[in-house]
Amino acid sequence: MNLKKLNIENKKIRNLIPQALTVLALLSVIIYFATNAQINMGNRGISFGFGFLNQEASFDITFSMIEYDGSHSYGRAFLVGLLNTILVSVIGIFFATILGVIVGISRLSDNYLIAKVAEWYVEIFRNIPLILQIFFWYFAALRALPLPENGISFNDISFLTIKGWYVPKFIWTNFNIFLLSIIAALIAIYFLNSYATKQREQFGKQIPTTIISLATLILIPLFTFLFLGVSLSFEYPVLKQLSPTVFTYAGGVSIIPELIALALALSMYTATFIAENVRAGILGVGKGQKEAAASIGLNKNQILKLVVMPQALRIIIPPTTNQYLNLTKNSSLAAAIAYPDIVLVFAGTALMQTGRAIEIISITMLTYLTLSISISIFMNWYNKKMAIKEK
Amino acid sequence: MIKSIKTWILIGFASLLLVACGQGGGGAGSKKSKTLDNTKKAGFVKCGVSQGLPGFSNADEAGNWSGIDVDVCRAVAAAVLGDADKVKYTPLSAKERFTALTSGEIDVLARNTTWTLSRDADIGLTFVGVNFYDGQGFMVRKNSGINSVNDFRNGISACTNTGTTTELNMRDFFNSKNISYEPIAFEKADEVVAAYDAGRCDTYTTDKSGLAAQRTKMSNPDEHKVLPETISKEPLGPVVRQGDAVWEDIVRWSLNTMIEAEEYGVNSSNASSLKDSENPAIKRLVGSEGELGAAFGLDNDWSLRIIEQVGNYGESYKKHIADTGILPNRGPNQLWTKGGILYVPPAR
Chain A
456 MNLKKLNIEN
466 KKIRNLIPQA
476 LTVLALLSVI
486 IYFATNAQIN
496 MGNRGISFGF
506 GFLNQEASFD
516 ITFSMIEYDG
526 SHSYGRAFLV
536 GLLNTILVSV
546 IGIFFATILG
556 VIVGISRLSD
566 NYLIAKVAEW
576 YVEIFRNIPL
586 ILQIFFWYFA
596 ALRALPLPEN
606 GISFNDISFL
616 TIKGWYVPKF
626 IWTNFNIFLL
636 SIIAALIAIY
646 FLNSYATKQR
656 EQFGKQIPTT
666 IISLATLILI
676 PLFTFLFLGV
686 SLSFEYPVLK
696 QLSPTVFTYA
706 GGVSIIPELI
716 ALALALSMYT
726 ATFIAENVRA
736 GILGVGKGQK
746 EAAASIGLNK
756 NQILKLVVMP
766 QALRIIIPPT
776 TNQYLNLTKN
786 SSLAAAIAYP
796 DIVLVFAGTA
806 LMQTGRAIEI
816 ISITMLTYLT
826 LSISISIFMN
836 WYNKKMAIKE
846 K
Chain G
2 MIKSIKTWIL
12 IGFASLLLVA
22 CGQGGGGAGS
32 KKSKTLDNTK
42 KAGFVKCGVS
52 QGLPGFSNAD
62 EAGNWSGIDV
72 DVCRAVAAAV
82 LGDADKVKYT
92 PLSAKERFTA
102 LTSGEIDVLA
112 RNTTWTLSRD
122 ADIGLTFVGV
132 NFYDGQGFMV
142 RKNSGINSVN
152 DFRNGISACT
162 NTGTTTELNM
172 RDFFNSKNIS
182 YEPIAFEKAD
192 EVVAAYDAGR
202 CDTYTTDKSG
212 LAAQRTKMSN
222 PDEHKVLPET
232 ISKEPLGPVV
242 RQGDAVWEDI
252 VRWSLNTMIE
262 AEEYGVNSSN
272 ASSLKDSENP
282 AIKRLVGSEG
292 ELGAAFGLDN
302 DWSLRIIEQV
312 GNYGESYKKH
322 IADTGILPNR
332 GPNQLWTKGG
342 ILYVPPAR
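Protein chains in written order, with this note's numbering: chain A, 456 to 846; chain G, 2 to 349.
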């Protein structure tokens with residue numbers, strides 16, 4: 456009896472000891488590295504701290520979405536880099552998704568030419584290292600663009616040149632009212648859609664929601680222009696001569712070529728993986744599902760939208776989440792072509808000027824971790840929403 | 002199962018032991034030089050250089066490094082190991098260089114690095130001297146009609162390297178002139194050159210020696226020129242880690258020896274024949290008088306080896322900077338006795 460009890464205890468302990476020791480070993484390693492770093496830094500007279508974030512950065516950044524110049528702090532420079540990383544990631548994810556879905560569906564097209572073009576696109580772009588593609592879009596494509604004085608003009612209001620894409624600047628009056636009207640329109644559309652769903656489920660009545668939504672989105676903001684004093688004017692870029700042969704554009708907004716090249720490379724590259732996910736998702740929906748949908752009289756668009764896509768999305772979303780995460784992390788290659796993302800601005804210039812390698816790299820790693828986990832959480836939420844609801 | 006528990010316990014003790022050892026190690030540098038001992042044990046000097054800057058540190062197709070920065074590494078190797086070729090070169094970006102040095106990946110950093118207060122005092126580095134007095138300048142296209150920095154106008158775009166003092170000087174300069182500008186900072190010099198060459202930016206700014214060297218890499222060097230103005234002081238010199246005073250002295254005096262040798266007319270071909278010179282300063286340089294090497298644990302021929310194997314500063318400059326057409330005129334990098342500012346403390 457006694458022996459048996461001991462045995463059970465033994466088993467518990469047996470299970471516990473390895474785990475405890477693993478944790479202990481892991482902790483020891485971390486403590487070892489931390490103390491070692493501390494001792495070595497101490498020996499070399501390097502202090503540790505985050506006070507430098509309040510110091511004046513004293514370097515300028517090409518492109519910033521918030522007000523910034525060298526007289527602002529390193530903390531502010533960090534924010535500029537972070538926002539630029541988020542900007543290029545959002546643009547990249549947006550275009551990669553659109554392109555990926557189009558290419559993925561095209562690969563399944565009955566049209567031989569479309570299917571083959573899509574296939575070649577995927578095979579070429581996913582098999583070339585991303586950094587080379589970034590260099591290609593930046594240096595090869597950049598060289599092909601004209602100097603400002605010969606810029607490619609779009610109706611004389613927008614110019615594409617080697618120094619960037621100059622577009623008109625929006626100058627709003629009462630922008631807040633306009634923004635509120637957009638939000639109001641979106642809320643209206645949400646209620647319209649839930650009403651339409653109810654109508655369809657209860658009475659089998661079809662309401663053309665797409666057209667009504669679109670009209671709402673246009674008409675409500677238009678109303679603010681006509682009656683609520685919202686107005687929009689444009690500041691156009693104008694060619695400016697700096698010296699006998701040096702030109703640039705003044706006014707307007709300049710979308711720097713570094714951003715264009717990086718967003719292009721990231722979305723073209725990631726789109727290939729998303730395309731394959733989309734193809735896998737659509738092929739993963741049983742043939743019987745489509746036939747059954749057709750047999751109850753749904754048209755082709757309805758089959759795709761109501762039957763195939765909702766099921767395909769369950770297969771598409773999890774691997775596509777990975778691609779979004781990859782794209783965000785890959786955006787750190789920006790430093791190679793001088794796009795001022797967090798790696799170039801903060802883990803590059805700021806690190807060099809302050810010499811605070813450990814602090815800055817920790818902050819940068821933590822930032823990427825936070826970004827990635829946020830995307831993960833959002834996509835997991837979306838995945839759950841799309842999953843089969845057991846009733 | 003019992004056996005596996007034993008294994009786990011062993012691992013646990015081993016890791017605890019590891020922690021204990023770890024705290025014991027990494028002590029402060031004593032009177033003896035740890036870096037010198039390690040270098041002798043390894044058989045080569047670990048030297049950090051640039052990723053390719055003609056005249057300073059540049060590798061040929063066979064991977065042989067040359068340049069005046071490289072000669073500092075070679076001088077240290079000749080002094081410490083007796084053979085100037087016993088150097089392991091690590092090419093580093095501007096961003097990586099200081100971390101590589103403080104982490105011990107390299108022991109000497111000879112990579113056209115500007116000596117500044119914050120670098121010297123704040124991040125665990127020690128600058129040992131200046132092997133090139135430089136200043137920041139601007140390069141523009143010849144046909145641009147820009148002949149001076151006073152011709153710069155609002156909206157000019159300027160390419161440069163990130164993580165350098167250049168980036169900061171540029172801001173100071175444009176701010177003082179009240180000119181708005183677009184700064185485009187690349188990580189590697191080659192990409193700065195490519196972007197400037199393509200027309201992405203109107204001017205390329207870095208140290209003047211760098212501009213002269215990079216101009217040779219342009220698709221058509223004759224289309225570009227360097228503006229006459231110098232907007233900053235850039236004393237470039239070798240750097241060592243803080244905390245090893247003996248090693249610091251070895252690197253400092255290896256460089257000083259090269260400059261002093263030029264001052265006394267000692268060069269790679271006449272050094273050994275000057276052992277019986279009348280001049281005691283020359284005799285000290287070639288090791289036939291005094292016991293100077295003993296001060297940092299080297300033999301008495303350390304300086305003779307530097308002069309014989311690497312040459313004096315003038316030879317190094319001529320070979321790498323002047324004869325390559327980068328900067329034929331020595332400017333401030335001339336001896337103090339000939340109108341320049343090269344002036345080193347006496348070796349005695």
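Here a beta-carbon is modelled for each residue, glycine too, at the ideal position from N, C-alpha and C.
As summarised for the stretch 142-224 of chain G, the continuous alpha helix (DSSP H) elements at least 4 residues long and confined to that stretch are 166-178, 190-199, 209-216, given in chain order. Within the stretch 506-576 of chain A, the runs of alpha helix (DSSP H) that reach at least 4 residues and sit entirely inside it are, in chain order, 529-562. Along the length of the stretch 664-726 of chain A, whole beta strand (DSSP E) runs at least 3 residues long occupy 686-690, 693-696, 702-705, 708-710, reported in chain order. Annotation: the continuous alpha helix (DSSP H) that includes tryptophan 254 of chain G extends over 246-264. Comparing alpha carbon positions, the residue from A:Ile612, A:Ile617, A:Lys618, A:Leu634 closest to lysine 624 of chain A is A:Ile612.
Put simply, the CB of aspartate 86 of chain G is far from chain A, with every gap to its CB atoms at 8 Å or more. Using a Cβ distance threshold of 8 Å, alanine 651 of chain A and threonine 664 of chain A count as a contacting pair. Cα atoms of valine 733 of chain A and tyrosine 576 of chain A: separation of roughly 15 Å, rounded to the nearest angstrom. Residue contact check for asparagine 144 of chain G against chain A: a CB pair falls below 8 Å. Around the CB of glycine 659 of chain A, fewer than 16 other CB atoms lie within 10 Å, so the residue is classed as exposed.
Contacts between alanine 43 of chain G and chain A, judged by CB atoms closer than 8 Å, are missing: the closest CB pair is about 19 Å apart. Lysine 624 of chain A carries a strand assignment under DSSP once its states are collapsed to helix, strand and coil.
Apart from the 5 residues on each side of it in sequence, valine 798 of chain A sits with its Cβ closer than 6 Å to the Cβ of Ser787, Ala790 in its chain, given in chain order. Runs of the beta strand (DSSP E) spanning 3 or more residues and lying entirely within the stretch 738-798 of chain A do not occur at all.
The alpha carbon of isoleucine 638 of chain A has as its nearest neighbour, out of A:Ile675, A:Asn610, A:Gly619, the alpha carbon of A:Ile675. For leucine 641 of chain A, no Cβ of chain G is located within less than 8 Å of the residue's own Cβ.
Apart from sequence neighbours up to five positions away, the residues of its chain that approach valine 252 of chain G with a beta-carbon distance below 7 Å are Val77, Val109, Val129, Pro239, Val241, ordered along the chain. For glutamine 778 of chain A against glutamine 744 of chain A, the beta-carbon gap comes to about 25 Å, at or over 8 Å, which does not count as contact.
Remark: C-beta atoms of valine 81 of chain G and cysteine 48 of chain G do not approach each other more closely than 8 Å. When C-alpha distances from leucine 753 of chain A are compared across A:Val572, A:Tyr823, A:Gln661, the shortest belongs to A:Gln661.
Residue pairing by DSSP leaves phenylalanine 580 of chain A without any beta bridge partner. Per DSSP, aspartate 324 of chain G is not a residue of any alpha helix (DSSP H), being assigned neither H nor E. Assigned with DSSP and collapsed to three states, proline 236 of chain G falls in strand. Each residue's CA atom was taken as its position, placing alanine 214 of chain G and serine 158 of chain G some 21 Å apart. Look at lysine 89 of chain G here: in three-state DSSP terms it is strand. DSSP, reduced to helix, strand and coil, places threonine 477 of chain A within a helical segment of the structure shown. Proximity of arginine 531 of chain A to chain G, defined by a Cβ-Cβ separation below 8 Å, is not satisfied. For alanine 60 of chain G, the secondary structure class from DSSP, reduced to helix, strand or coil, is strand. Looking from the CA of phenylalanine 297 of chain G, the closest CA among G:Phe45, G:Asp250, G:Asn148 belongs to G:Asp250. Annotation: the continuous alpha helix (DSSP H) that includes valine 81 of chain G extends over 69-82.
Nearest CB-CB separation between proline 184 of chain G and chain A: below the 8 Å threshold.
Contact between tyrosine 621 of chain A and phenylalanine 630 of chain A fails: their C-beta atoms lie close to 22 Å from each other, not under 8 Å. Non-local beta-carbon contacts of glycine 606 of chain A in its own chain, meaning distances under 8 Å to residues more than five positions away in sequence, involve Phe614, Leu615, Thr616, Tyr621, Leu694, Tyr704 in chain order. In terms of beta-carbon proximity, leucine 714 of chain A stays away from the interface with chain G, with every pair separated by 8 Å or more. Closest by C-alpha distance to phenylalanine 728 of chain A, out of A:Met834, A:Lys618, A:Arg581, A:Phe533, is A:Arg581. Sequence-distant partners of asparagine 313 of chain G (beyond 5 residues in either direction) whose C-beta falls short of 7 Å from its own C-beta, in its chain, are Met259, Ala262, Glu263, Val267, Asn268.
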